[in-house]
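The sequence shown begins at 57 in our numbering and counts up one residue at a time. Note that beta-carbon positions come from the ideal geometry of N, C-alpha and C, so glycine has one too.
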Amino acid sequence: MVVAREAIAPKLTSRCKMLQSVLFQCVSTSVPYLDNISLDDRFVDLDFDSLRFIQLVVQLENVLGIEFEDEKLNPALFERVGDLLAYLEILAAEAPTESMQ
57 MVVAREAIAP KLTSRCKMLQ SVLFQCVSTS VPYLDNISLD DRFVDLDFDS LRFIQLVVQL
117 ENVLGIEFED EKLNPALFER VGDLLAYLEI LAAEAPTESM Q
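Rendered as structure tokens:
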């Protein structure tokens, strides 16, 4: 059983890195005037309003092949970039493998 966990752990880590990379790319597209984006950045500090947030969600859905739950379309639920990454990790874990490629 330990062997199986060790085999799965690198896959989860690479998926998390991929999600973070895609998220940063999509955020950068929305705010191209910023040099660096971190998981600790607050969306309000990145000049995200509700429209820009929904545009980000649509972009993430298209790129990753996932779908946000309607209840999660509220930007107030995601104060920081890291909060959104955590939700993407949940969606990715629930998504069929082929949709995440």
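Next on the checklist: Please report the distance separating the alpha-carbon of residue 121 from that of residue 148.
Outcome noted: Here residue 121 refers to the residue found at position 65 when the sequence shown is read from its first residue. Here residue 148 refers to the residue found at position 92 when the sequence shown is read from its first residue. Computed Cα separation, rounded: 9 Å.
Next on the checklist: Between residue 86 and residue 112, how many whole angstroms is the CB-CB distance? I'm expecting something under 8 Å.
Outcome noted: Position 30 of the sequence shown, counted from the first residue, corresponds to residue 86. Position 56 of the sequence shown, counted from the first residue, corresponds to residue 112. So it is a contact: roughly 6 Å between Cβ atoms.
Next on the checklist: Please report the straight-line C-alpha distance between residue 133 and residue 69, rounded to a whole angstrom.
Outcome noted: For the purposes of this step, residue 133 is identified with residue 77 of the sequence shown, where counting begins at 1. For the purposes of this step, residue 69 is identified with residue 13 of the sequence shown, where counting begins at 1. Their backbone Cα atoms lie some 25 Å apart in a straight line.
Checklist entry - Fully enclosed by the region 75–149, which beta strand (DSSP E) runs are 3 residues long or longer? => result none
Checklist entry - Quick one: is residue 97 buried, meaning 16 or more other Cβ sit within 10 Å of its Cβ, or exposed? => result Counting from 1 along the sequence shown, the entry for residue 97 is found at position 41. Buried, because 16 or more other Cβ atoms sit within 10 Å of the Cβ of residue 97.
Checklist entry - Ordered along the chain, which non-local residues of its own chain (more than five positions away) have a Cβ less than 7 Å from that of residue 123? => result Position 67 of the sequence shown, counted from the first residue, corresponds to residue 123. 117, listed in sequence order.
Checklist entry - Beta carbon of residue 75, beta carbon of residue 145: below 8 Å? => result As a working mapping, residue 75 is identified with position 19 in the sequence shown. As a working mapping, residue 145 is identified with position 89 in the sequence shown. Closer than 8 Å, so yes.
Next on the checklist: Here's the rule: buried if 16 or more other CB atoms are within 10 angstroms of the residue's CB, otherwise exposed. What is residue 119?
Outcome noted: Along the sequence shown, one-based indexing puts residue 119 at 63. Residue 119 is exposed by the Cβ-count criterion.
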